[in-house]
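Peer 1: Input: one structure, supplied below.
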Amino acid sequence: MRMREVTAGVLLMLAAVIQGRATICPANELANESCPSPEEARRTFVPERKPPLLIPEPSTLIKEDEPLSLAYYDTMKILQSKNQCSSFFGGSEAAVDVFGNFMASLRKEYLPSSIGLKMSGEYTNVLNAATQVRYRIFDKATLNSGGPFYKQKISSSATTIPPIGSFAPNSREARVLMLLHELGHLMRGRDGKWLLPDDGRSIAESLTNTRTIESACGEEIRTLTRTSPTEVVQNNSEQPVSPAATTSSHQ
Ligand SMILES: [Zn+2]
């Protein structure tokens, strides 16, 4: 497999990832409750905090697709916080950076219904010189319009698409788990190996990889729907009829 080495721009990526927030208090608005008075400003000490990570603006494809857009922000919400899941991916800064670049390359096609996402073709090795994070981006990253990301059943049949990990297909949780699974193929661990081994030729290995991600991120994924129950649209009444779906297939 031919690979290309790319060093990403230092300043550009750093500027895209890290930005601070500031409340601007013009002199003529000192009466505004959100702006401290001169006396308060003198006696109040506010410790400097690390600025929150900025979530990259998603592509038009993502913005115009409601389930995909929700999954994008759900996943980013998990990765930008300090938790077991973001630690698995090497910390928030690295994970948000790589996930944003992966999602920017995503396209949609109809593939066999058992596939959620598929990454294939050559890949580019990327080094973010600012963060020293090394990762790869595949030439093709395809989201299956006819798979478990969007559907619970195979079109025009009663056959239910298998779950993703312990989550029903076409659920908010399953979508996030699918995306995090792919992220695991793009990033290396401290030992230099990919966080998830390639599994494009083995459904069993893909299922094992999904279990690995759910072990690291399942708690955070379940929290998504507990914190905003109004956004949950899920139907768990149908039982799967075959083993769990594969979430990636790359050669
Ligand atoms: Zn995989």
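Per the working numbering, the sequence shown starts with residue 49, numbered consecutively. We treat Cβ as the ideally placed atom computed from N, Cα and C, and that holds for glycine.
1. Any contact of the segment 214-229 with the segment 193-200, i.e. 3+ C-beta pairs under 8 Å?
2. Considering only the beta carbon of each residue, do Gln128 and Ile103 sit closer than 8 Å?
3. Less than 8 Å separating the beta-carbons of Ala264 and Cys133?
4. Thinking just about the alpha-carbon of each residue, which of Ser117, Val144, Glu114, Pro115 is nearest to the one in Ile126?
5. To the nearest whole angstrom, what separates the beta carbons of Gly213 and Arg259, a pair I think is in contact under 8 Å?
6. Determine the contact status of Asp113 and Arg220, defining contact as a CB-CB distance below 8 Å.
7. Which same chain residues end up closer than 7 Å to Ala152 when comparing Cβ atoms and leaving out the 5 residues on each side of it in sequence?
8. Could you round the C-beta distance between Glu268 and Asn131 to whole angstroms and report it? I think they count as a contact, below 8 Å.
9. Using a Cβ-Cβ cut-off of 8 Å (strictly less than) and excluding sequence neighbours within five positions of Glu105, which residues of its own chain qualify?
10. Do you know how far the Cα of Arg274 is from the Cα of Ala189?
11. Starting from the C-beta of Thr256, find all residues in its chain whose C-beta is less than 8 Å away, skip the five residues before and the five after it, and write them out in chain order.
12. In the structure shown, what three-state DSSP assignment does Ser263 receive?
13. Quick check: what's the CA-CA separation for Ser135 versus Ala142?
14. Helix, strand or coil: which one does DSSP assign to Asn192?
15. To test your reading of the DSSP string, which unbroken beta strand (DSSP E) runs of 3 or more residues are found completely within the segment 104-187?
16. When you compare only the Cα positions, how much space is there between Pro245 and Ser168?
17. Which of the three DSSP states is assigned to Ile251 in this structure?
18. Measure the Cβ-Cβ separation of Leu175 and Arg184 and say whether it is below 8 Å.
19. Where does Leu102 sit, in a helix, a strand or coil, going by DSSP?
20. Name, in chain order, the residues that DSSP records as bridge partners for Ile202.
21. Buried or exposed: where does Asn173 fall if 16 or more other Cβ atoms within 10 Å of its Cβ makes it buried?
22. Use the C-beta contact count for Ala216: other C-beta atoms within 10 angstroms, 16 or more gives buried, fewer gives exposed.
23. Pick from Gly138, Gly232, His233, Met124: whose alpha carbon is nearest that of Thr179?
24. Determine, using beta carbons only, whether Lys202 and Ser254 come nearer to each other than 8 Å.
25. Since Asn192 and Leu165 are thought to touch, with beta carbons under 8 Å apart, how far apart are those beta carbons, to the nearest angstrom?
26. Three-state secondary structure (DSSP) at Thr208?
Peer 2: Let me lay it out:
1. yes
2. Yes, these two residues count as a Cβ contact at 8 Å.
3. yes
4. Answer by Cα proximity: Val144.
5. 7 Å
6. no
7. Ser107
8. Right, the Cβ-Cβ distance comes to about 5 Å (below 8 Å), so this counts as a contact.
9. Cβ neighbours of Glu105 beyond the five flanking positions: none.
10. Each residue's alpha carbon lies about 30 Å from the other.
11. Asp247
12. Note: Ser263 maps to helix in three-state DSSP.
13. Those two C-alpha atoms are separated by around 10 Å.
14. strand
15. 154-157, 165-176
16. 14 Å
17. helix
18. no
19. Three-state DSSP puts Leu102 in coil, outside helix and strand.
20. For Ile202, which the question treats as bridged, DSSP gives no partner whatsoever.
21. The residue is exposed, with fewer than 16 neighbouring Cβ atoms inside 10 Å.
22. buried
23. Of the candidates Gly138, Gly232, His233, Met124, the one whose C-alpha sits nearest the C-alpha of Thr179 is Gly138.
24. Residue identity check: residue 202 is Ile in the sequence provided, not Lys. It is not a contact, given that the beta carbons lie outside the stated cut-off.
25. Sure, about 7 Å apart at Cβ, within 8 Å.
26. strand
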